[in-house]
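**Student:** Number 583 in the working numbering belongs to position 520 of the sequence shown; there are no gaps in the numbering.
Idealized CB from N, CA, C, for every residue including glycine.
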Amino acid sequence: MAGSPVRASLPALARLALLLLAAVLGPAVTAPSALLWLLPLAGCGAWAAAAPRAAWAAAGRFAEVVVAALAAAGFAAGALSADPGGAALAAAVVLPYLSLPVATATYLGRPAEGGALLGTGVLALGLAALFTPLPDGPLLTDRWFLVLSAQAVLIAALAGAVVGVVRGGAAAEPAAPAPPAPYEEATRLLTQLRSVARQLPGATLDPGSIAEHMLDDVKNVARTDRAAVLTASGGGRLVVLTESGVDRAEWEATIDSDSALAEAWASQQPQTSGRSQTRSHAGGDVSALIVPLIAGVRTVGLMVIEAAVTGAYPAEVVEKVTAITAPAALRLEAALLFDEVRSIATNEERQRLAREIHDGVAQELVIVGYGIDNALATLPEGPGADDTAETMRMLRGEVTRVITELRLSLFELRSEVDRHGGLAAALAEYARTVAASAGLRVHLSLDESTNRLPAATEAELLRIGQEAITNARKHAAASNLWVTCEVDPPYARVEVADDGKGLPERRPDGRYGLTIMRERTNRVRGRLEITPRDPNGTSVAVVVGTPPRRDSVRDSVNAAETE
Numbered sequence: 064m065a066g067s068p069v070r071a072s073l074p075a076l077a078r079l080a081l082l083l084l085a086a087v088l089g090p091a092v093t094a095p096s097a098l099l100w101l102l103p104l105a106g107c108g109a110w111a112a113a114a115p116r117a118a119w120a121a122a123g124r125f126a127e128v129v130v131a132a133l134a135a136a137g138f139a140a141g142a143l144s145a146d147p148g149g150a151a152l153a154a155a156v157v158l159p160y161l162s163l164p165v166a167t168a169t170y171l172g173r174p175a176e177g178g179a180l181l182g183t184g185v186l187a188l189g190l191a192a193l194f195t196p197l198p199d200g201p202l203l204t205d206r207w208f209l210v211l212s213a214q215a216v217l218i219a220a221l222a223g224a225v226v227g228v229v230r231g232g233a234a235a236e237p238a239a240p241a242p243p244a245p246y247e248e249a250t251r252l253l254t255q256l257r258s259v260a261r262q263l264p265g266a267t268l269d270p271g272s273i274a275e276h277m278l279d280d281v282k283n284v285a286r287t288d289r290a291a292v293l294t295a296s297g298g299g300r301l302v303v304l305t306e307s308g309v310d311r312a313e314w315e316a317t318i319d320s321d322s323a324l325a326e327a328w329a330s331q332q333p334q335t336s337g338r339s340q341t342r343s344h345a346g347g348d349v350s351a352l353i354v355p356l357i358a359g360v361r362t363v364g365l366m367v368i369e370a371a372v373t374g375a376y377p378a379e380v381v382e383k384v385t386a387i388t389a390p391a392a393l394r395l396e397a398a399l400l401f402d403e404v405r406s407i408a409t410n411e412e413r414q415r416l417a418r419e420i421h422d423g424v425a426q427e428l429v430i431v432g433y434g435i436d437n438a439l440a441t442l443p444e445g446p447g448a449d450d451t452a453e454t455m456r457m458l459r460g461e462v463t464r465v466i467t468e469l470r471l472s473l474f475e476l477r478s479e480v481d482r483h484g485g486l487a488a489a490l491a492e493y494a495r496t497v498a499a500s501a502g503l504r505v506h507l508s509l510d511e512s513t514n515r516l517p518a519a520t521e522a523e524l525l526r527i528g529q530e531a532i533t534n535a536r537k538h539a540a541a542s543n544l545w546v547t548c549e550v551d552p553p554y555a556r557v558e559v560a561d562d563g564k565g566l567p568e569r570r571p572d573g574r575y576g577l578t579i580m581r582e583r584t585n586r587v588r589g590r591l592e593i594t595p596r597d598p599n600g601t602s603v604a605v606v607v608g609t610p611p612r613r614d615s616v617r618d619s620v621n622a623a624e625t626e
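1. When we look at the beta-carbon of Tyr-433 and count the other beta-carbons within 10 Å, is it buried (16 or more) or exposed?
2. Going by DSSP, which residues form a beta bridge with Met-366?
3. By DSSP's criteria, Gly-308 is part of a beta bridge. Which residues make up the other side?
4. In this structure, does DSSP put Glu-479 in helix, strand or coil?
5. Hey, Ala-327 and Pro-355: beta-carbon distance below 9 Å or not?
6. Looking at the unbroken alpha helix (DSSP H) that takes in Asp-551, where does it start and where does it end?
7. Please name the residue in Ala-166, Leu-544 and Ala-134 whose C-alpha comes closest to that of Ala-97.
8. Pairing CB atoms from the segment 492-506 with CB atoms from the segment 530-537, are three or more of them under 8 Å?
9. What are the partner residues of Tyr-554, as DSSP defines its beta bridges?
10. With DSSP as the reference, identify every bridge partner of Arg-361, one or two as the case may be.
11. Specify the secondary structure class of Ile-430 as computed by DSSP and reduced to three states.
12. Taking all protein chains shown into account, decide if Arg-206 is buried (16 or more other Cβ within 10 angstroms of its Cβ) or exposed.
13. Using CA atoms only, rank isn't needed, just tell me which of Leu-301, Leu-82 and Leu-88 is closest to Trp-314.
14. To the nearest angstrom, how far is the alpha carbon of Ser-339 from that of Arg-495?
15. Confirm, please, whether the CB-CB distance from Ile-273 to Ala-358 is below 9 Å.
16. Check this for me: beta carbons of Pro-553 and Gly-347, under 9 Å apart or not?
17. For the segment 82-150, which segments carrying the alpha helix (DSSP H) assignment without a break, of at least 4 residues, lie completely within its bounds, in sequence order?
18. Find out if the Cβ-Cβ distance for the pair Ala-220, Val-165 is shorter than 9 Å.
19. Counting beta carbon pairs with one atom in the segment 505-517 and one in the segment 466-474, are three or more of them shorter than 8 Å?
20. How big is the Cα-Cα spacing for Gly-563 and Ala-295?
21. What do you reckon, is the C-beta of Thr-93 under 8 Å from a heavy atom of the ligand GDP?
22. Indicate the three-state DSSP secondary structure (helix, strand or coil) for Leu-188 in the structure shown.
23. Please work out which residues of its chain come closer than 7 Å, Cβ to Cβ, to Ala-239, disregarding the five sequence neighbours upstream and downstream, and give them in chain order.
24. At the level of alpha carbons, what is the spacing between Ala-541 and Ser-343?
25. Suppose contacts are defined by Cβ-Cβ distances below 9 Å. Is Arg-230 in contact with Tyr-160 by that definition?
26. If we cut at 9 Å on Cβ distances, does Ile-273 have a partner in chain D?
27. Sort Leu-217, Val-367 and Leu-324 by Cα distance to Leu-278 and report the nearest one.
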């Protein structure tokens, strides 16, 4: 601690200050010869202050008390004033020194020693005053000296008591813990998150499931012909976590416009409206209720319910709905935060793996390839040289193939859904890159709404599509690759088909790649469909949600290209 050396030097500094004060004031009230008493007092003070906690330092403190009493009597005997009280005034220059040894002992946690020093001081003062003569008798008979001595002893006792109380309070108050290092704090918080997640009812931290349960509960208290739960995805846009209704609806996707959605988000108050919050409403009577989902002071989403009648949501219904959404909002925020943490951790790990592969295995394989090239160039002529050269060329080709695979793996690890590009763009870029390296002709069919899926869902669908494309490149021996991506939140469909050799007779359910795809599909509550393609090849499709009506997809991008 920065303050410890200063605190340790305080007793010595206090002694020095009182000695200097006595040396300055002494000549005005006592004879110069009496000032010589300050020398042994300074020696005893140095003895006591050199190492206060040492056993021999206690003897120094007792010596201080005795010498201070003798010095007070010596100053009184040499008093320059013959007036009553003159001797006591001279002694008063030294008497405050008695407080220092007592306070020091108490500060060191030795109250018994402090009491003993106090008693020693009283005894030493009495004996010194008894044997110090004055013109009117011994110093012990001077009532002014007795009053000032009693005052000095009382002040010493109070000083010891105050120091003891302050020291006890400081010891009782725990020291403020040092702020943990960032990684220690992160580890502590993530450990708590894991423990809490395991104890949650239903053991679920899936935002979609929580949103569905919330809509199911609301349907019991309010008429609900159409409903949706929306959350923010950045840039003032909303994504649909879940929806219900006879027909699929295209919900408003912005909160930066002049709408009931924006008003509910900004004001954090439920809003009712006589206008539908969907873009695909066919007209007619409608009542809409928009309830902000608030966790603490933060709006984490909106729940929108609509009925095909007017006045469907009076105040008492709004109150019942908000009573359901209030606790559900906190659960939803926890799930969204968990999703975000998991996504960040996954992306960080993918980037780390990509760096390690690039800087490690990939570089070493390149060096091996160069070594084979050099060996081929310097291969001596002789019997068997042609066979050796052919073997080395085959080995060089295999090294080149492995390097190509590693480069594609690095590209896959580093591929992410761009915040502004969307799932279709990321999937198309990956398909083009892989197809170009494998000599495949790729056919793209992209149908993506301006609305976005939740970021975690987009990431999982991208990985599933990448795995399907990689399997087709490696195992299908195909010439063409068809990649389809349809997105109309909360519905999405990604299909990868090839014209290769098709599925083996025994279904490859145990393959690691297919197992991973199924795990990812379950994570987004989708369906994985692996079927033969007519007339030959395989089709792998993952579907999330239910398909919309074809006229509900707007502002979509359709592309078909051949490379």
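**Tutor:** Looking at the coordinates:
1. The residue in question, Tyr-433, is exposed, as its Cβ has fewer than 16 Cβ neighbours within 10 Å.
2. Met-366 is bridged to Val-292 and Val-354.
3. Partner residues in the beta bridge of Gly-308, as assigned by DSSP, are Arg-289.
4. For Glu-479, the secondary structure class from DSSP, reduced to helix, strand or coil, is coil.
5. Cβ distance < 9 Å, so Ala-327 and Pro-355 count as in contact.
6. Boundaries around Asp-551 are those of the beta strand (DSSP E), 543-551, since no alpha helix (DSSP H) includes it.
7. Residue Ala-134 is the option with its Cα nearest to Ala-97.
8. Contact holds: three or more Cβ-Cβ distances are below 8 Å.
9. Beta bridge pairing from DSSP links Tyr-554 with Asp-551.
10. Its beta-bridge partners are Ala-358.
11. Ile-430: helix per DSSP, three-state reduction.
12. Residue environment for Arg-206: exposed (fewer than 16 other C-beta atoms within 10 angstroms of its C-beta).
13. Nearest option by C-alpha distance: Leu-301.
14. Distance between the alpha carbons of Ser-339 and Arg-495 is about 41 Å.
15. Not closer than 9 Å, so no.
16. No, the pair does not count as a contact, with Cβ atoms beyond the cut-off.
17. The qualifying runs are 101-113 and 118-140.
18. Inclusion of Ala-220 and Val-165 in the CB contact set at 9 Å is warranted, their separation being smaller than that value.
19. No, the segment 466-474 does not touch the segment 505-517.
20. Approximately 42 Å between the Cα atoms of the pair.
21. For the structure depicted, the ligand GDP is absent and the ligand set is empty, with no information on it obtainable.
22. If DSSP states are grouped into helix, strand and coil, Leu-188 belongs with the helices.
23. Low confidence applies here, because Ala-239 scores a pLDDT of 49, under 50, leaving its location unreliable; read the following figure in that light. There are no such residues.
24. For Ala-541 and Ser-343, the distance between alpha carbons rounds to 41 Å.
25. The Cβ atoms of Arg-230 and Tyr-160 lie no closer than 9 Å to each other.
26. Of the protein chains in the structure, only one exists, and it is not chain D.
27. Of the candidates Leu-217, Val-367 and Leu-324, the one whose C-alpha sits nearest the C-alpha of Leu-278 is Val-367.
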